[in-house]
Structures are given as structure tokens and as C-alpha cells.
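Student: In this note's numbering, the protein residues as written are 4 to 331.
Glycine included, each C-beta is placed from N, C-alpha and C at the ideal position.
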Ligand SMILES: [Zn+2]
Ligand SMILES: [Zn+2]
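(1) I'd like the list of long-range same chain contacts for residue 119, defined as Cβ closer than 7 Å, with 5 residues on each side in sequence excluded.
(2) Nearer than 7 Å: is that true of the beta carbon of residue 175 relative to any heavy atom of ligand 1?
(3) Assuming residue 210 is part of the alpha helix (DSSP H), what are its boundary residues?
(4) Could you work out which residue in 59, 321 and 80 is closest to residue 106 when comparing CA atoms only?
(5) Considering only C-alpha positions, which residue in the set 217, 224, 246 and 250 is nearest to residue 234?
(6) Helix, strand or coil: how does DSSP classify residue 157 here?
(7) Return yes when the C-beta of residue 156 is under 7 Å from any heavy atom of ligand 2, and no when it is not.
(8) Given this structure, state the Cα-to-Cα distance separating residue 252 from residue 101, to the nearest angstrom.
(9) If we require 4 or more residues per run, which alpha helix (DSSP H) segments fall completely within the segment 11-66?
(10) How far does the beta strand (DSSP E) with residue 186 in it reach, from first residue to last?
(11) Which first and last residues belong to the beta strand (DSSP E) in which residue 133 is found?
(12) Grouping DSSP H, G and I as helix and E and B as strand, with all else coil, what is residue 277?
(13) When the Cβ atoms of the segment 310-326 are set against those of the segment 230-250, are three or more pairs found closer than 8 Å?
(14) Identify whether residue 204 lies in helix, strand or coil by the three-state DSSP scheme.
(15) Can you check the segment 244-295 for any alpha helix (DSSP H) of at least 4 residues that lies completely inside it and give the ranges in chain order?
(16) Say the cut is 7 Å; is the CB of residue 143 nearer than that to a heavy atom of ligand 2?
(17) Give a yes or no on contact between the segment 82-91 and the segment 164-173, applying the rule of three or more CB pairs nearer than 8 Å.
(18) Quick check: what's the CA-CA separation for residue 259 versus residue 187?
Structure, rendered in C-alpha cells:
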């Protein structure tokens, strides 16, 4: 579904567009459903605009950081980067075979993306939108990794199911937290996790709530379901969210004192639309051209994403762009 966009869409003047399709998380080869859902519709739209004579940059890339890939690599006995090098080639080749008209299909390990993400988060930090807080998180001493919620299993305190996950019990459907599980175990090796204190850096979304609400309310190009879902979330209030993780496979958090942290994959992957545009023009030898696409109110930015991606594209990405101070 297309979401985002700004301004009206009438008239026949040549227009400038950034078209993005959701970045596939590459621990699985995308099946036809993913293709039709976001990539194919974005491709059709990009082709249509080019035929009209509009100026289009169509971008996407492989989303390759985070714990699920780290754990998969661990299980296969390879380094995460070896796994994603292989998967990225497969996915990229598939899109070539399908003749998807990407101007740039890149990856989150691209040096341009990694640099952009670090600089971008330092802007949020310097602008006062990042704060730090201490938490206790589960850690597997055997695998030597911090365990995200769904990598802890144990007995559900509500129904007694003995393979409930730290985020949810599949048997009774109740939402859980790792702390609630009876007899918690590491989902990878079965050992008992220990609880360790760790510090995380948070994005202060509460501070950005009013401006994000204004953006959502005034955006006439948003489909109704995306708008209603986002307004519903805004009505409940935006709470600060941790932007760092303790896993090693990712982009190093740039904040002072955060040497051993990485940026939570969700927060960096959505910035890929911007970094992929930068990379595209840099490769063409036109270093600053990308600014016209991201800082010019006449440019339309449209994303083709699945329903579960709505909060990240309609709330988090705009919130981060506003917090960077480059967008109003
Ligand atoms: Zn249960
Ligand atoms: Zn373990």
C-alpha cells in the first residue's frame, strides 16, 4: 500500500518523487506474497511516473542487521556478514530477474548507510531527543548474547504452556514479558538466562508527539487505514523507545559511552530510504543532488509497505526526520 507523500497530486507539471518499497529482512528469501505486496506495486507506480515524464528515484535494499540474523548465523556456524552477503546476492539477483526497475537496490551494510545512520543519530542526540536509562535484561552465558524477548522460552504463568515465548504465549495468546515466564530458558541452547544490568539510549518520542500528530493530520495523501491506525497510536500517547541494543551485529551506536551497543535494527533500516538516495547520486558523481529529493517540499515521498510497517513509516520515520532538525 502506498503511504506517505505530501502536497496535492493534480496538475501535469514534471514532478520529483522518491518511491520506496519496504526493505526485505533477508534471513528468508522473499516469496511471491512479499513481491506483490510492496515491490511490484511500487515498480508499477515508478514506471507509470517515468512514462509521464516525472523525475523518479526508486529505492530499496536488504535489511540485514539484528538478532534474528545473528542467531541464524550462530546456528549455521557462520559469521552474520557471510550469511547476509549470500542472502543479499540471492535477493538482488531475484529482483534483477524480475526486472524490478530499482534505481538503487542496496543494503544496510553499505558504507554510505552505516555512515549516514551514525551521523543522523548524533544529530538527534545533539538536538536533545536522546536520553539514557538503565535496565535489566536477560543474557545467555553459554551463547554469550543478550536475548531478545522472543528468544526466551518458559512456562506461561496464565495457562501453564511450557513453550511460551518471552513476548507472547502462543497457546493462550496473552502478551508476556520475559520476567513473567516460569523456568525461563534460552531458545537457542536451553540454558537458564541470567539477568544483567545494561544501559540503553532512548528516543524521546513524547517530545515529538505533537509535531508527528500535526504531520499525520495534515497529510492528505495518507490512506485512511494508515491514518486511523496512526492517530489511534498517537491518542494513546507516544512513549520513549530504546534505540540501542546489546547485540554485536549491527551499526555501532555513536553516542558517547555507548561503545558496546548497536542501533536497534528497526530504527536504522527505515533510514535506508534516505541513504539509498544519497548512494544513488554519489555513484553518479552528483554528491548533493539527494538533498533536492529529501529537503524540498515539492518532492513527493511515497512508500509501499505492509500493514505491520505502518507505525515505522508514518510515526517513527517522520518523528526521526523532525528530530534531526532538517525537516519541519
Ligand atoms: Zn499461556
Ligand atoms: Zn543460550
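Tutor: On the basis of the supplied data:
(1) Walking along the chain shown from the start, residue 119 turns up at place 116. The answer, listed in chain order, is 274, 277, 278 and 281.
(2) One-based indexing of the chain shown puts residue 175 at position 172. Yes, Cβ of residue 175 sits closer than 7 Å to a heavy atom of ligand 1.
(3) Along the chain shown, read from residue 1 onward, the residue named residue 210 stands at position 207. Unbroken alpha helix (DSSP H) run through residue 210: 208-221.
(4) Taking the chain shown and counting its residues from 1, the one referred to as residue 106 is at position 103. Here the closest residue by C-alpha is 59.
(5) Counting from 1 along the chain shown, the entry for residue 234 is found at position 231. Here the closest residue by C-alpha is 217.
(6) On the chain shown, residue 157 is found 154 positions in, with the first residue counted as 1. Residue 157: strand per DSSP, three-state reduction.
(7) One-based indexing of the chain shown puts residue 156 at position 153. Not so, every heavy atom of ligand 2 lies at least 7 Å from the Cβ.
(8) In the chain shown, the residue the question calls residue 252 occupies position 249. In the chain shown, the residue the question calls residue 101 occupies position 98. Those two C-alpha atoms are separated by around 30 Å.
(9) 44-54
(10) If you number the chain shown from 1, residue 186 lands on position 183. Its beta strand (DSSP E) spans residues 185-189.
(11) Position 130 of the chain shown, counted from the first residue, corresponds to residue 133. Counting along the chain, the beta strand (DSSP E) containing residue 133 begins and ends at 133-143.
(12) The sequence position of residue 277 within the chain shown is 274, counting from 1. Looking at residue 277 - three-state DSSP - the assignment turns out to be helix.
(13) yes
(14) Stepping through the chain shown from its first residue, residue 204 is reached at position 201. The answer is strand: DSSP assigns residue 204 an E or B state.
(15) 268-272 and 275-286
(16) The residue you call residue 143 lines up with position 140 of the chain shown. Yes - ligand 2 has a heavy atom lying nearer than 7 Å to the Cβ of residue 143.
(17) no
(18) Your numbering for residue 259 matches position 256 in the chain shown. Your numbering for residue 187 matches position 184 in the chain shown. Cα to Cα, residue 259 sits roughly 34 Å from residue 187.
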